[in-house]
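The structure appears below as structure tokens.
In our numbering, the protein residues as written are 806 to 1023.
Laid out in structure tokens, this is it:
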């Protein structure tokens, strides 16, 4: 897959290790100072991907969150620090075999054990990042099979979920249309499929660019 344009990495101490609540807010303030040159734009799009311990918002938990901001033309403007949510061992033990295998290979389970950020602190940091780039309620939630992410956000990070417009921009919709209307184009689509939140966002953005060129033809 072609590597997307190099994103802007916002500086600041955003390590998930050893952070107090005050330390987290200090990091947010420094991050916003760096990003202050990029004013809010209601046309910008918020892309999100999360890794979860399973498929049920009632029984499973969020374990990793990534956010990327693009302009309306899908050019990357900013990338939030990827945050890992601390979860009790019972959540890890409750994962099915697929999740245990996938998240062990990526190292995510170890990062969940090491993290000291709970859902509330991750939610606060991501909100602070978004407030520097996109007004509340203006961007649809962008990603792949994004309804699943929205369900988990509504359950575990409702303030972050509420920051998005109620509409979704779901790349998987275009995939389903391509299967039915123009299946021949799917052979040219290459995805990493790493099941890591940030990598999956860039997969989604690249996939949307592909459909724009080959399906929508803008």
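The C-beta atom is built at its ideal place from N, Cα and C for all residues, glycine as well.
N-terminal and C-terminal residue of the alpha helix (DSSP H) that residue i is part of
i	result
residue 931	924 to 936
residue 1012	1002 to 1016
residue 966	963 to 968
residue 1020	No alpha helix (DSSP H) contains residue 1020, which DSSP labels as neither H nor E.
residue 876	Here residue 876 belongs to no alpha helix (DSSP H), and DSSP marks it neither H nor E.
Residue j beta carbon less than 7 Å from that of residue i
i	j	result
residue 862	residue 957	yes
residue 1003	residue 871	yes
residue 926	residue 962	no
residue 922	residue 943	no
residue 845	residue 945	no
residue 916	residue 889	yes
residue 965	residue 932	yes
residue 938	residue 1010	no
Residues of its chain near residue i, where Cβ-Cβ distance is below 6 Å and the 5 sequence neighbours each way are ignored
i	result
residue 900	858
residue 934	885
residue 896	858 and 866
residue 793	The first residue shown for the chain is 806 and the last is 1023, placing residue 793 beyond what the model contains.
residue 910	none
residue 976	949, 1009, 1012 and 1013
Residue from the options whose Cα sits closest to the Cα of residue i
i	options	result
residue 978	995, 950 and 972	950
residue 869	887, 882 and 944	887
residue 947	1008, 920 and 909	1008
residue 984	973, 854, 972 and 1020	1020
residue 764	849, 848 and 860	No answer is possible for residue 764: it lies beyond the span of the chain, which begins at 806 and ends at 1023.
For residue i, three-class secondary structure by DSSP
i	result
residue 1110	What is shown of the chain runs 806 to 1023, which leaves residue 1110 out entirely.
residue 864	coil
residue 838	Its pLDDT being 43, under 50, residue 838 is placed unreliably in this model, and the value from its coordinates should be taken loosely. Residue state, collapsed to three classes: helix.
residue 849	coil
residue 901	coil
Bounding residues of the beta strand (DSSP E) (the contiguous stretch that carries residue i)
i	result
residue 975	973 to 975
residue 881	881 to 884
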